[in-house]
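Everything in the sequence shown is counted per the working numbering, starting at 87 for the first residue and increasing by one. Every residue, glycine too, gets a C-beta built ideally from N, C-alpha and C. Fair warning: this is a prediction, and the values are worked out from it, not measured in the lab. Some notes on the structure that comes next.
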Amino acid sequence: MNTHKITILSTADWDAPLWTNKQHIASRLVQRGHDVTYINSLGLRQPALTRTDVGRILRVVLRLASSLGRKIVGKKPEQSTPVDQRSLSNCPRIVRLPVLPFHGNRLVRRLNQLIIRYVAKDISGEVLWTFSPVTYGLEHTHDRTVYHSVDFLHTIPGVPTDFVIACENDLLTTSDAVAVSSSEIRRELSARTDNSIRVWENVGDVGLFRQNMQDAREPKAVFCGNLTPTKVDFSLLMAIADRGIDLVVAGPTTIDGESADTEVRQLLAHTNVHYAGTLSQEELSILCGSVSVGLIPYELNSYTRGVFPMKVYEYIGAGLPVVATKLPSLEGRVIAGLDVCEATNFVDKVERLINEDLSSDIRAELSQQVSRNSWESRTDQVERLIEDLLAKESTRSG
87 MNTHKITILS TADWDAPLWT NKQHIASRLV QRGHDVTYIN SLGLRQPALT RTDVGRILRV
147 VLRLASSLGR KIVGKKPEQS TPVDQRSLSN CPRIVRLPVL PFHGNRLVRR LNQLIIRYVA
207 KDISGEVLWT FSPVTYGLEH THDRTVYHSV DFLHTIPGVP TDFVIACEND LLTTSDAVAV
267 SSSEIRRELS ARTDNSIRVW ENVGDVGLFR QNMQDAREPK AVFCGNLTPT KVDFSLLMAI
327 ADRGIDLVVA GPTTIDGESA DTEVRQLLAH TNVHYAGTLS QEELSILCGS VSVGLIPYEL
387 NSYTRGVFPM KVYEYIGAGL PVVATKLPSL EGRVIAGLDV CEATNFVDKV ERLINEDLSS
447 DIRAELSQQV SRNSWESRTD QVERLIEDLL AKESTRSG
């Protein structure tokens, strides 16, 4: 496989508390020898008058001032991220563009475009792999563009919906390939374009989670993920704890400007809940390999309608049966170990699975069945797609 110069335009910062598709794909492309530049999130959500967001704006202004008169070429971090201690050797060059996070304002958009044109003129490559529909023209400095949609970003509170959809419509027309993480996203985007869209469901670090499986399990349920009220149904987690089931919760309590509200604080204060904090991938795999059941207690709303949870295959890779709410991406799917149910049956399902106490052989079989749903397999697909796109470019040029 040839190596290539690839730019990844992300919707998450490289050092975010939890890694998602963007960092996993970028790090593995670097590991395979590709020249990867990773552009941190452009901050699509408009800031609010909170201490976190005011600090966010000040940092942007300082970066803008410091960038005047010099190139932004990116650099590798000097230390590993809190997410994964193995990541430093597989780290791309990191770029943070000094754009103002008020994308709904036409004048600010024009200013951002000028800023990017000035400070990022040397960011170019063979492929722009963008997870963001808002690119400010970065595709014009690359030979090929792939749009990879993993969320309904336009539904997030504070995001300029009309602008994001307009940008997305442009990418659906101009991109050389489009990939999405769920059939629900493909259904919506297909109504806006005649171009083909491939479904690449979120996969997981299943090898790591399988590696840290334990034979003896504690009769506990676990939820790993961002503790955001717009995404997680905390009433289900509270009902599990109220039933007398031991519950372990791991993940950041503040993300994208949302602070832990009353529901989160009440849950973490419950006597049957242990809060493990924000863990590395290694620590998460050890935790999941020591308990009995994995939980995906998502709210059903306009945002989660398009979500295929990353933890599905990592939970199962750890030998955990999984209980999930009826997300459109999961409902009707036949995945070994996955139980999708109504909220009214959620706690009963969890209790039954904990009491079943699956044997180590059954857990190992579950893990083995999802061995192909890995980031290594996904990176193979990414590389094949890039090769195909560039081969078409070479043929056309010749």
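Check GLY375 in the structure and name its three-state DSSP category.
In the sequence shown, the residue the question calls residue 375 occupies position 289. Note: GLY375 maps to coil in three-state DSSP.
Tell me whether the beta-carbon of THR241 lies closer than 9 Å to the beta-carbon of ASN387.
On the sequence shown, position 155 is the one that residue 241 refers to. On the sequence shown, position 301 is the one that residue 387 refers to. Taking 9 Å as the Cβ cut-off, THR241 and ASN387 qualify as a contacting pair.
Please list, in chain order, all residues of the same chain as PHE394 whose beta carbon is under 6 Å from its beta carbon, the five residues on each side excluded.
Within the sequence shown, the letter at position 308 stands for residue 394. A distance below 6 Å between beta-carbons, with the five flanking residues on each side excluded, links PHE394 to the following residues of its chain, in chain order: SER267, SER268, GLU287, ASN288, SER415.
Kindly indicate which three-state DSSP category SER388 falls into: helix, strand or coil?
For the purposes of this step, residue 388 is identified with residue 302 of the sequence shown, where counting begins at 1. The three-state reading of DSSP puts SER388 in coil, since its state is none of H, G, I, E or B.
Measure the C-alpha to C-alpha separation of TRP105 and CYS253 and round it to an integer number of angstroms.
One-based indexing of the sequence shown puts residue 105 at position 19. One-based indexing of the sequence shown puts residue 253 at position 167. In a straight line, the C-alpha of TRP105 is about 25 Å away from that of CYS253.
Rounded distance between the beta-carbons of ILE283 and LEU275, thought under 8 Å
Residue mapping note: residue 275 aligns to position 189 of the sequence shown, counting from 1. Residue mapping note: residue 283 aligns to position 197 of the sequence shown, counting from 1. About 6 Å separates the Cβ atoms of LEU275 and ILE283, confirming a contact at the 8 Å cut-off.
Does CYS253 come out as helix, strand or coil in the three-state DSSP assignment?
Sequence index remark: in the sequence shown, residue 253 carries index 167 (1-based). Helix, per DSSP.
Nearest-angstrom Cα separation, counted from SER218 out to LEU452
Indexing the sequence shown from 1 puts residue 452 at position 366. Indexing the sequence shown from 1 puts residue 218 at position 132. Going from the Cα of LEU452 to the Cα of SER218 covers about 34 Å.
So, does the stretch 329-339 touch the stretch 460-479, judging by three or more C-beta pairs under 8 Å?
Counting Cβ pairs under 8 Å, fewer than three are found: no touch.
Three-state secondary structure (DSSP) at TYR399?
Walking along the sequence shown from the start, residue 399 turns up at place 313. Reduced to three states, the DSSP call for TYR399 is helix.
For ALA307 and ILE94, the rounded distance between their alpha carbons:
As a first step, residue 94 is located in the sequence shown; it is residue number 8 there, counting from the start. As a first step, residue 307 is located in the sequence shown; it is residue number 221 there, counting from the start. Roughly 35 Å separates the two Cα atoms.
Is ILE326 buried or exposed, if buried means 16 or more other CB atoms sit within 10 Å of its CB?
Here the question's residue 326 lines up with position 240 in the sequence shown. Its Cβ being crowded by 16 or more others within 10 Å, ILE326 is buried.
Cutoff 6 Å; reference PRO103; Cβ partners in own chain excluding five residues on either side:
Position 17 of the sequence shown, counted from the first residue, corresponds to residue 103. Answer for PRO103: PRO338, THR364, listed in chain order.
Going by Cα to Cα distance, which pick from SER445, ARG278, VAL194, ALA98 is closest to ALA302?
Along the sequence shown, one-based indexing puts residue 302 at 216. Nearest option by C-alpha distance: SER445.
Using the three-state DSSP reduction, which class does PHE432 fall into: helix, strand or coil?
Residue mapping note: residue 432 aligns to position 346 of the sequence shown, counting from 1. Three-state result, PHE432: helix.
Note down, in chain order, each residue of its chain lying with its Cβ closer than 6 Å to the Cβ of ILE421, except the 5 sequence neighbours on either side.
Sequence index remark: in the sequence shown, residue 421 carries index 335 (1-based). Counting only Cβ-Cβ distances below 6 Å, and skipping sequence neighbours, we find nothing.
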